[in-house]
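Position one of the sequence shown corresponds to residue 173 (this note's numbering), numbered consecutively onward.
First up is the structure itself, then whatever we jot down about it.
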Amino acid sequence: TNISMPVRDHTGAVIAALTVPLLPQKAARFGREAVFERTQAAAEKISAALGWSDSASSLRADPERRDYPFSD
173 TNISMPVRDH
183 TGAVIAALTV
193 PLLPQKAARF
203 GREAVFERTQ
213 AAAEKISAAL
223 GWSDSASSLR
233 ADPERRDYPF
243 SD
C-alpha cells in the first residue's frame, strides 16, 4: 500500500506527489493513520515552501469522499 499526497505550487496547481510506501509488516508498527497524517503534513510543508497557502486548500483529504482511506 502506498500513501500519496499532492504537492502544490504557488498557484495551487499540483506539480508533484509525495508517496510513502507502507509495507504491511510496518503498518502495524507505525499505524496507517499516523503515516497518512505525517505524509499530509510533509506535503503541505513542501507546498508551502513553493509558495502555496492553505487558505484555499484542496490538499486536505475529504473524509466524505468514498475513497478516503479511513472512512466507514
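From the three backbone atoms N, C-alpha and C, an ideal C-beta is built for every residue, glycine too.
Just so we're clear, the structure is a prediction, and the values are computed from it rather than from any experiment.
Only counting the same chain, and skipping five residues up and downstream in sequence, which positions put a Cβ closer than 7 Å to that of residue i?
i	result
Asp178	Note on residue identity: the sequence assigns Pro, not Asp, to residue 178. Excluding positions up to five away in sequence, the list reads Val186, Ala189, Ala215, Leu231.
Thr211	Ile175, Met177, Leu190, Val192
My assumption, with CB atoms under 8 Å, is that residue i sits in contact with residue j. Please give the rounded CB distance.
i	j	result
Ile175	Leu194	6 Å
Could you tell me the distance, in whole angstroms, from the CA atom of residue i to the CA atom of residue j?
i	j	result
Arg204	Asp226	24 Å
Trp224	Ala199	30 Å
Ser243	Gly184	Bear in mind that a pLDDT of 44 at Ser243, under 50, signals an unreliable position, so the number given afterwards is only what the model happens to contain. For Ser243 and Gly184, the distance between alpha carbons rounds to 26 Å.
Val207	Ala213	10 Å
Please classify residue i: is it buried, with 16 or more other beta-carbons within 10 angstroms of its beta-carbon, or exposed?
i	result
Arg201	exposed
Starting from residue i, trace the beta strand (DSSP E) both ways and give me its first and last residue.
i	result
Thr191	186 to 193
Ser176	174 to 180
What does a CB cutoff of less than 8 Å around residue i pick up in its chain, not counting 5 residues either side in sequence?
i	result
Asp181	Ile187, Ser219, Leu222, Gly223, Trp224
Pro196	Thr173
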